[in-house]
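Residue 307 in the numbering used here sits at position 250 of the sequence shown, with consecutive numbering throughout. Glycine included, every Cβ here is placed at the ideal spot set by N, Cα and C. As structure tokens, the structure follows; a few thoughts come after it.
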Amino acid sequence: MAPTTSFNGPLSITHVGTATAIIHVDGVNFLTDPVFAAAGSEWDLGFITLKVSAPPALTPSQLPPIDAVLLSHEDHVDNLDELGRLLLDGRKVLTTVDGANKLAPRPGVQALKPWETISIPLGPHEFSITGTPCVHLPGGEVTGFVVTTPSFGVHAASGLPNAIYFSGDTIYLPELGPKIRERFHVAVALLNIGKATAPLPDGPMQITLDGAQASHLLRDLGADLLVPMHFESWGHFYEKREELAAAFEKEGIQDKVLWLEPGVKTEISA
């Protein structure tokens, strides 16, 4: 049983692996950060060799029809690999300005600047999608996403529209949660966590949220529910489920956390 949210209408989430999830919302399917590499795949980046140790729970051929892709950034293989890149062809894709330029000439790719909101029709709905700032590796662009549509309903206490938030890869930014909270009520927050760490010349650099930071962000957002992603199967992730669960318990948010079984479509709201 998922923790209670204020979300209206049907919503389910299927975690495929890493930061890849299908957000099923009232007949529309969003796909986040598509990665489908086989277990054992390696990428030598010079300063680090990335290796994935587990397969995705679903292959591309097992996906339902995908209406839009929320791509936080296109230049890291744990957020977009070769197989995931093939899924972008012919689909609506929202990503960073730099990513949209590099993915050209795909006509369905659209750039989203921080705090910019665009409207896109998908199925019977008109979705508003707002880009949110991220801080990841120096020199790279990353975006998060806040997704709303009128069928999500309004949060009774605040009067703000209910929203789904996908963080993308970012560390904790103290100004981020409060600014989102001014405009939206986040019913569900899908957070890329795992304490990913890069071995840079000046020393190791944390480049995604750890458990404590994710807890702080959840509180800043005032979100109903946290869905952890991006925490298993890669050697540069330094907090796996056990460490994260301990951090969530220490921070007192464990009752707001929903761990998804990979490949299983989990109902959030009916």
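To the nearest angstrom, how far is the alpha carbon of residue i from that of residue j?
i           : j           : result
residue 281 : residue 307 : 18 Å
residue 144 : residue 117 : 8 Å
residue 100 : residue 254 : 16 Å
residue 305 : residue 64  : 23 Å
residue 239 : residue 216 : 11 Å
residue 122 : residue 104 : 37 Å
residue 212 : residue 221 : 13 Å
How about residue i and residue j: are their beta carbons less than 7 Å apart?
i           : j           : result
residue 223 : residue 194 : no
residue 115 : residue 73  : yes
residue 188 : residue 164 : no
residue 234 : residue 199 : no
In three-state terms, what does DSSP make of residue i?
i           : result
residue 285 : strand
residue 87  : strand
residue 107 : strand
residue 149 : strand
residue 183 : strand
residue 154 : helix
residue 325 : strand
Considering only the alpha carbon of each residue, which of the options lies closest to residue i?
i           : options               : result
residue 153 : 137, 140, 131 and 142 : 131
residue 196 : 257, 172, 92 and 163  : 257
residue 328 : 171, 232 and 134      : Summary: the structure shown does not reach residue 328, with the chain confined to residues 58 through 327, and so no result is reported for it.
residue 106 : 309, 294 and 186      : 294
residue 110 : 261, 291, 68 and 312  : 291
residue 236 : 142, 323 and 274      : 274
residue 57  : 279, 278, 166 and 271 : Residue 57 is absent from the model: the chain starts at 58 and stops at 327.
residue 92  : 103, 102, 108 and 104 : 108
residue 296 : 94, 249, 218 and 260  : 249
Answer yes if the segment 281 to 300 comes into contact with the segment 80 to 88, meaning at least three C-beta pairs across the two stretches below 8 Å, and no otherwise. no
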